[in-house]
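Have a look at the structure below before the remarks.
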Amino acid sequence: MDFCNADFAFEAEITSNDTGIISIKYGFDVVTVYKGAAENIPSTLLGHGTPFSCGPQMLDLNTKYLIFATINGENIQITTYRKMADVKPSDIERITTNYDCTCTININYAAFHGAQSQPLPEPSKDECNAPEDFCSRSGYCQKNSDGVCTWGDKGDCY
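Read in order, the letters of the sequence shown are residues 1 to 158 in UniProt numbering.
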């Protein structure tokens with residue numbers, strides 16, 4: 001889901017940071033691009049600063065990350081990130097070969113958090129219903145050979 005919601009997905013090494021009150025500006029070198037075109041990736045990456053309720057997006061210098069980002073003016077804003085040391089080959093394979101961003105994923109958030117709820121309605125051919133115990137790290141939705149979106153899992157859930 002992070003992949004489909006992002007304008008860019010790429011591996012980058014963080015080369016500099018400038019911590020401001022509201023945001024942190026990062027300099028970086030792109031290693032590999034998984035979504036978007038390398039020449040279209042702006043040179044400044046923004047992370048949330050300390051005032052954000054979910055905490056700041058603090059990236060370590062000279063460390064490689066898998067970054068999902070959206071366009072924010074002339075910069076890009078981190079949506080999610082993960083140290084490459086924690087990224088497995090199955091993670092890269094899943095985002096590059098299994099994600100189908102033309103499929104819509106329906107999530108029963110109440111059931112996912114353990115609350116009683118009504119089941120989701122049957123999905124259309126362009127939708128997948130995520131299982132109640134789905135793992136966002138390994139789950140994906142992809143069209144099968146009949147053009148129907150189907151749920152799948154690849155890799156470990158961690």
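Glycine residues also receive a C-beta, built at the ideal position from the N, C-alpha and C atoms.
- When the five nearest sequence neighbours on each side are left out, the beta carbons in the same chain lying within less than 6 Å of the beta carbon of I107 are those of A130, in order along the chain.
- The three-state reading of DSSP puts D91 in helix, counting H, G and I together.
- When C-beta atoms of the stretch 66 to 83 are compared with those of the stretch 39 to 49, three or more pairs fall below 8 Å, so the two segments count as touching.
- Taking a contact to require three or more Cβ pairs closer than 8 Å, the stretch 134 to 142 and the stretch 151 to 158 qualify as touching.
- Of the candidates K25, T96 and S53, the residue whose Cα lies closest to the Cα of F8 is T96.
- Per DSSP, the continuous beta strand (DSSP E) segment holding N106 begins and ends at T104 to N106.
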